[in-house]
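Enquirer: Be aware that the sequence shown starts at 264, since it is given in the numbering used here, and climbs by one per residue. The beta-carbon is built from N, C-alpha and C at its ideal position, and this holds for glycine as well. Right, I'll just put the structure down here and ask away after.
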Amino acid sequence: MWTKRLMWIVWPAFLAAGVMEMLVFAAFDPQDMRWLGQGVELSRTSIYSLAFFAFWAVFIAAGYLTALLSIPSDEVNTYPSLQ
């Protein structure tokens with residue numbers, strides 16, 4: 264059952280990260296980015312991949328917190344965890 268609950272969080276986060284990736288990189292070119300005043304020495308594909316996983320992690324955290332906060336108060340101590 265925990266895998267089903269995990270997918271309720273991970274799959275929408277994956278889709279949201281994909282949309283966010285398209286929106287961000289439609290406006291910004293990875294080769295024009297600077298980090299601490301210097302150009303980023305990674306390839307475009309590496310930057311796209313790192314950004315996608317960062318967006319995905321943020322959306323997973325947001326989804327998990329939403330699921331956690333949506334538990335009714337009478338089920339807080341009896342609600343099964345993801346483990």
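Spatial neighbours of G326 within its chain, please: C-beta separation below 7 angstroms, excluding the five flanking residues on both sides.
Expert: Within the sequence shown, residue 326 is the residue found at index 63, counting from 1. Once the five neighbours on either side are set aside, the close Cβ partners of G326 are I272, P275 and A276.
Enquirer: Is G300 helix, strand or coil by DSSP?
Expert: For the purposes of this step, residue 300 is taken as the residue at position 37 of the sequence shown. In the structure shown, G300 sits in coil (DSSP, three-state: anything other than H, G, I, E or B).
Enquirer: Smallest Cα separation from M270: which of T308, F322 and A290?
Expert: As a working note, residue 270 is residue 7 in the sequence shown. Comparing Cα-Cα distances from M270 to each of T308, F322 and A290, the minimum goes to F322.
Enquirer: Quick check on the DSSP output: the alpha helix (DSSP H) that includes L313 runs from which residue to which?
Expert: To locate residue 313, count along the sequence shown from 1; it is residue 50. Run containing L313: R307 to L332, per the alpha helix (DSSP H) assignment.
Enquirer: Helix or strand or just coil, what does DSSP make of V339?
Expert: For the purposes of this step, residue 339 is identified with residue 76 of the sequence shown, where counting begins at 1. Coil, per DSSP.
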